[in-house]
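In terms of our numbering, the sequence shown is residues 461 to 692.
Built from N, CA and C at the ideal position, the CB exists for glycine as well.
Being a predicted model, the structure only gives us computed values, none of them experimental.
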Amino acid sequence: MSITFDNVKISQGSFTLEANFTIDPGHKVALLGPSGGGKSTLLSAIAGFKSIDHGRILFGGADITEMAPAARPVALLFQDHNLFPHLTAEQNIALGIRPNLRLNAQEWETVAQAISRVGLDGLGAKTPAELSGGQQQRIALARCLLREKPLLCLDEPFAALGPALKHEMLDLVGEIVDATNASMLMVTHQPEDAIYIADQTVLVADGVAMAPMNTQNLMADPPAVLAQYLGR
Ligand SMILES: Nc1ncnc2c1ncn2[C@@H]1O[C@H](COP(=O)(O)OP(=O)(O)OP(=O)(O)O)[C@@H](O)[C@H]1O
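Shown next as structure tokens:
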């Protein structure tokens with residue numbers, strides 16, 4: 461579904477971010493730009509954790525500006541702090557279905573399928589401390605996925621992972637997004653990650669989130685602010 465920022469203005473102290481564009485349905489989009497540019501702020505506004513001062517955010521044409529975070533069509537994955545340390549992997553995933561963890565047999569089966577989907581069969585009873593960083597992120601991703609939200613927002617989700625594992629995770633996200641017909645927005649500091657997974661890129665710099673551009677074209681001929689960021 462499309463995502464529209466209709467004359468959106470978000471302020472945070474002396475910082476202001478503007479966004480006025482539409483992302484067409486079916487794209488995987490990277491949010492790229494200098495530190496402090498407003499990438500996380502934009503994701504927080506979409507997820508409903510940051511209110512906007514002006515304008516509207518539409519998803520598939522429906523105004524979600526005033527919706528509570530849990531009611532939004534959005535699942536959000538952060539770089540870390542995604543899991544509760546005292547709960548097992550499967551309990552952490554189950555939270556995505558029912559925060560009180562009182563799931564019926566069919567819902568536990570859904571949890572088991574989600575564990576399988578992220579390639580972690582047999583590890584459901586482990587706590588986060590017993591899992592590697594990559595495995596922990598897979599658990600967090602599994603919880604995001606079983607909420608079946610049509611928009612997956614990722615805030616530097618795999619920054620702590622090595623290159624091989626990161627590519628594996630990006631492949632997994634890409635596959636799942638394609639299979640479920642979802643849309644994806646991913647904040648990254650790595651241009652190569654944007655090229656790897658995102659067909660479009662939104663450049664966020666100088667208080668403006670710009671309309672999405674084809675990632676390959678953008679990298680081949682970057683505007684000054686991006687060239688500077690890339691160190692070219
Ligand atoms: N709670 C806050 N109060 C006031 N200003 C804030 C607050 N949080 C962030 N900011 C400011 O908002 C701006 C945008 O921050 P944001 O975290 O969205 O940037 P970012 O592009 O995600 O940065 P990074 O790449 O470093 O994570 C920054 O200039 C920051 O100083």
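Could you have a look at residue i and say whether DSSP puts it in helix, strand or coil?
i, result
"Ile470", "strand"
"Glu526", "coil"
"Thr587", "coil"
"Lys488", "strand"
"Met629", "helix"
"Glu478", "strand"
"Gln660", "strand"
"Thr675", "helix"
"Ile512", "coil"
What is the rounded straight-line gap between the Cα of residue i and the Cα of residue j?
i, j, result
"Pro533", "Ala507", "8 Å"
"His546", "Ser643", "32 Å"
"Asp523", "Ile463", "10 Å"
"Met679", "Ala565", "49 Å"
"Leu502", "Lys586", "34 Å"
"Asn674", "Gly473", "32 Å"
"Ala572", "Arg607", "14 Å"
"Asp513", "Glu526", "12 Å"
"Gly634", "Ala654", "12 Å"
"Asn560", "Ala589", "22 Å"
"Glu478", "Gly496", "14 Å"
"Leu580", "Lys488", "25 Å"
"Ile599", "Ser471", "33 Å"
Figure out for me which residue from the options has the closest Cα to the Cα of residue i.
i, options, result
"Ala669", "Ala624, Thr482 and Met679", "Thr482"
"Asn759", "Pro651, Gly667 and Gln688", "The structure shown does not extend to residue 759, since the chain is modelled only from 461 through 692, so no value can be given for it."
"Gln597", "Arg562, Leu536, Asn641 and Asp638", "Leu536"
"Phe465", "Gly515, Glu526 and Leu555", "Gly515"
"Lys609", "Pro683, Leu645, Ser500 and Asp631", "Leu645"
"Ile575", "Leu601, Ile557 and Arg562", "Leu601"
"His541", "Asp615, Pro682, Gln688 and Glu569", "Asp615"
"Arg603", "Thr570, Gly582 and Ala624", "Thr570"
"Ile517", "Phe544, Asn467, Glu550 and Ala554", "Asn467"
"Ser511", "Pro617, Thr548, Leu543 and Thr476", "Thr476"
"Cys613", "Pro485, Ala530, Phe538 and Pro529", "Phe538"
"Met629", "Arg577, Ala505, Leu543 and Gln688", "Arg577"
How close, in whole Å, do the beta carbons of residue i and residue j come, if the pair is a contact with beta carbons under 8 Å?
i, j, result
"Leu690", "Leu663", "Incorrect: roughly 11 Å between the Cβ atoms, too far for contact."
"Gly493", "Ala665", "4 Å"
Can you tell me whether residue i sits near ligand 1, meaning its C-beta is under 7 Å from at least one heavy atom of the ligand?
i, result
"Gly493", "yes"
"Phe618", "no"
"His541", "no"
"Lys499", "yes"
"Phe519", "no"
"Phe509", "no"
"Val647", "yes"
"Gln472", "yes"
"Val664", "yes"
"Gly496", "yes"
"Phe475", "yes"
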